[in-house]
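See structure below.
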Amino acid sequence: MAHQRGFASPQITVQGNERLAQRWLGRQRCGKLLRGSLKGPDGGFYNWQVNTISAHGEGSLWVAKIQAWGRALGFSQIGIAGVDLASAEPGLSAWLAQGFHGDMAYMAAHGLKRARPAELLPGTVSVITARMDYLPAQPTAPMPETVCPESAQGPAQPAEQTTPGAAGWQSVELARLQRPQEAIVSLYARGRDYHKVLRHRLQRLSAQIATELTPLGCRVFCDSAPVLEVELASRSGLGWRGKHTLLLHRKAGSMFFLGEIFVDLALPPTMAVSAHCGDCRACIEVCPTQAIVAPGRLDARRCISYLTIEHAGPIPLALRPLLGNHIYGCDDCQLVCPWNKFAKRSLLPDFEVRDGLAGSSLVALFGWSEAEFLRRTEGSPIRRIGHERWLRNIAVALGNAIRQTASAGQRQPLLQALQSRQEHPDALLREHVAWALRENDGHPLSP
Ligand code: SF4
Ligand code: SF4
-16 MAHQRGFASP QITVQGNERL AQRWLGRQRC GKLLRGSLKG PDGGFYNWQV NTISAHGEGS
44 LWVAKIQAWG RALGFSQIGI AGVDLASAEP GLSAWLAQGF HGDMAYMAAH GLKRARPAEL
104 LPGTVSVITA RMDYLPAQPT APMPETVCPE SAQGPAQPAE QTTPGAAGWQ SVELARLQRP
164 QEAIVSLYAR GRDYHKVLRH RLQRLSAQIA TELTPLGCRV FCDSAPVLEV ELASRSGLGW
224 RGKHTLLLHR KAGSMFFLGE IFVDLALPPT MAVSAHCGDC RACIEVCPTQ AIVAPGRLDA
284 RRCISYLTIE HAGPIPLALR PLLGNHIYGC DDCQLVCPWN KFAKRSLLPD FEVRDGLAGS
344 SLVALFGWSE AEFLRRTEGS PIRRIGHERW LRNIAVALGN AIRQTASAGQ RQPLLQALQS
404 RQEHPDALLR EHVAWALREN DGHPLSP
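In structure tokens, the structure reads:
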């Protein structure tokens, strides 16, 4: 509202202008709150109220306490960001103007509100940022009883340490890409729904702040559309934005979730860190769909994560062959990132891999009935795409596997799986199944 009324940065008076804050403090302090009114450029008067702790030395002590509580709750790092993200607005506007958000209409609908936390939650003057490592604690090697190891590339090879310079887990995951009949679910989605895990713990953190430090107005966010998460996290020192657009940390790579608490508490911001991508372009070059159109710029419409999770309609024909065996999300740009050899295993059991979500064959997952899908994905982020979109994604992967499988005998179970869904009531799925079956026509690898 303040922006709409012509205030350029109303929070700065309490965050950065110590002299002015002290003057108000003297005149209008009310307990730990500052209250007052401002005259706007339009001539109107506006009331405001903020907590005053940053006007005192106790601010950094409070931040240290919040960070310690955050670590006790399983967060790997806690930072503090201000709310003036004006310098991020032109980039956001250009990204939206180019249509790179695809049919994620909510992104355009919120517009620049994403870069203005105080508009999203009036009274917000600081953002507590948090990151939590999610790499599953258990190795995620293929499960021999479910994986069909035969492919055009031959039997599955032991995957550990096959890629020079990569961590063992990276090599395991990269090897999956060479087994077209194996289904790949993005690593972050193999365990419990991170939205629930993070939101619950952020709420506990804000309750602790309210109980032990001061009453506060706040709201918790985790992967919520209106929040510029990476921008806030990078400004508060949780890492830098990599060329793949995700946040990177020198000691933790990028395999972590982000969350935020918007607060009406003026806390001193934590320091940003410098970027360390250097000349590397590995993520840009590996992307199967060329979705990273420039360093730090993603065309979501081409990104496999968007296509398999956010996009409800037909997957564009030109992109289907590029999806390979990804059926939910994509980690390719993170798998090749050299910083991810420092990625940390999760300390929480929540992110351990659920049965069937790593190392399963496409045929096995395509055979799940809707009831089985709902049972297996209860409490998982996968559930929200629904059974039909799940089958749509697997149908595309089956088509790709058919194209890459040399032996007619080995293609047979893939074709049978697809044929079993040819009469499915959902027209979108039927079209994807028909496309996948056509990949067998005039098969180039037929003996
Ligand atoms: S997630 Fe996959 S498709 Fe998306 S940018 Fe990264 S490599 Fe490309
Ligand atoms: S792969 Fe290279 S360029 Fe991409 S985010 Fe990692 S370090 Fe940066």
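Number 113 in our numbering belongs to position 130 of the sequence shown; there are no gaps in the numbering.
We treat Cβ as the ideally placed atom computed from N, Cα and C, and that holds for glycine.
Next item on the list: Would you tell me roughly how many angstroms separate the C-alpha atoms of Gln436 and Phe349, rounded to the nearest one?
Entry: Absent from the structure is residue 436, since the part of the chain shown begins at -16 and ends at 430.
Check: Can you find a heavy atom of ligand 1 that lies under 7 Å from the Cβ of Ala274?
Finding: yes
Notebook entry, point to check: Closest by CA to Ile61, which one among Arg175, Glu165, Leu95, Ala255?
Noted result: Considering only alpha carbons, the answer is Ala255.
Item checked: Boundaries of the beta strand (DSSP E) in which Val66 is found, first to last residue -> From DSSP, Val66 is part of no beta strand (DSSP E); its letter is neither H nor E.
Note to self: As a quick check of your reading: which residues have a C-beta less than 5 Å from at least one non-hydrogen atom of ligand 2, in chain order?
What the structure shows: Gly225, Lys226, His227, Cys260, Cys263, Ala265, Cys266, Cys320
Check: Which runs of the alpha helix (DSSP H), 4 residues or longer, sit entirely within the stretch 68 to 121?
Finding: 72 to 80, 88 to 93, 100 to 103
Next item on the list: Return the Cβ separation of Ile385 and Glu422 in integer angstroms, given the expectation that the two are a contact with Cβ distance under 8 Å.
Entry: A Cβ-Cβ separation of about 5 Å places Ile385 in contact with Glu422 under the 8 Å criterion.
Notebook entry, point to check: Are the CB atoms of Lys324 and Ala150 nearer to each other than 8 Å?
Noted result: Closer than 8 Å, so yes.
Notebook entry, point to check: If you follow the alpha helix (DSSP H) that Leu241 is part of, which residue opens it and which one closes it?
Noted result: Looking at the DSSP string, Leu241 is not in any alpha helix (DSSP H); the run it does join, the beta strand (DSSP E), is 239 to 246.
Next item on the list: Within the same chain, show all residues whose beta-carbon is closer than 7 Å to that of Cys270, passing over the 5 residues directly before and after it, in chain order.
Entry: Asp315, Cys316
Note to self: So, at 7 Å on beta carbons, what are the nonlocal neighbours of Pro209 in its own chain, with the 5 sequence-adjacent residues on each side left out?
What the structure shows: His93, Lys96, Arg97, Leu103
Checklist line | Residue from Gly242, Lys226, Met238 whose Cα sits closest to the Cα of Ile275 | finding: Cα-wise, what sits closest to Ile275 is Lys226.
Next item on the list: In the DSSP assignment, find the unbroken beta strand (DSSP E) run with Ile275 in it and report its ends.
Entry: Note, Ile275: beta strand (DSSP E), 275 to 277.
Check: In three-state terms, what does DSSP make of Phe58?
Finding: coil
Check: Roughly how many angstroms lie between the CA atoms of Leu230 and Ala172, to the nearest whole one?
Finding: 18 Å
Next item on the list: Compare the C-beta of Arg224 against all C-beta atoms of chain D and say whether one is closer than 8 Å.
Entry: Here chain D cannot be found, since the structure has a single protein chain.
Checklist line | Under the three-state DSSP convention, the category Leu412 falls into | finding: It is helical.
Margin query: Applying the 10 Å Cβ sphere with the 16-neighbour rule, what's the burial state of Pro332?
Written below: exposed
Next item on the list: Pick helix, strand or coil for Leu281, following the three-state DSSP scheme.
Entry: strand
Item checked: Identity of the residues DSSP links to Val203 by a beta bridge -> Ile244
Check: Below 8 Å, can you find three or more Cβ-Cβ pairs linking the stretch 238 to 248 to the stretch 200 to 208?
Finding: A contact exists between the stretch 238 to 248 and the stretch 200 to 208.
Next item on the list: Report yes if the CB atom of Ser288 is closer than 8 Å to the CB atom of Leu118, and no otherwise.
Entry: no
Next item on the list: May I ask which residues mark the beginning and end of the beta strand (DSSP E) holding His309?
Entry: Segment 309 to 311, the beta strand (DSSP E) holding His309.
Notebook entry, point to check: Per DSSP, which one or two residues make a beta bridge with Arg218?
Noted result: The partner list for Arg218 (beta bridge, DSSP) is empty, contrary to what the question assumes.
Next item on the list: On a CA-only basis, which of Leu374, Gln395, Leu397 is nearest Asp409? Give me that one, please.
Entry: Leu374
Checklist line | Backbone CA spacing between Phe496 and Gln273 [nearest angstrom] | finding: Residue 496 lies beyond the residue range present for the chain, which begins at -16 and ends at 430; the question has no answer from this structure.
Check: Of all the options Met87, Leu68, Ala77, Ile63, which has the alpha carbon lying nearest to the alpha carbon of Ala295?
Finding: Met87
Check: For the alpha helix (DSSP H) that contains Thr436, what are its first and last residues?
Finding: Residue 436 is absent from the structure shown; the chain starts at -16 and stops at 430.
Item checked: Thr112 burial status per 10 Å Cβ neighbour count (16 or more: buried) -> Thr112 should be labelled buried.
Checklist line | Under the three-state DSSP convention, the category Ile167 falls into | finding: strand
Next item on the list: Taking the CB atoms as reference points, tell me whether Gly342 and Arg175 lie closer together than 8 Å.
Entry: no
Notebook entry, point to check: Between the stretch 297 to 311 and the stretch 351 to 359, do at least 3 Cβ pairs fall closer than 8 Å?
Noted result: With the cut-off at 8 Å, the stretch 297 to 311 and the stretch 351 to 359 do not touch.
Next item on the list: Return the chain-ordered list of same chain residues with a C-beta closer than 7 Å to the C-beta of Arg187, the five sequence neighbours on each side being excluded.
Entry: Once the five neighbours on either side are set aside, the close Cβ partners of Arg187 are Leu56.
Margin query: Let's test the definition: count the other Cβ atoms within 10 Å of the Cβ of Ser70 and tell me whether it reaches 16, buried, or not, exposed.
Written below: For Ser70, the number of other beta carbons within 10 angstroms of its own is below 16, and it is reported as exposed.
Note to self: To the nearest angstrom, how far is the alpha carbon of Glu133 from that of Gly425?
What the structure shows: Caution is warranted here: a pLDDT of 40 is assigned to Glu133, below 50, making its placement in the model unreliable, and no coordinate value can be reported.
Item checked: Short Cβ contact (8 Å threshold) for Leu250 with Trp52 -> no
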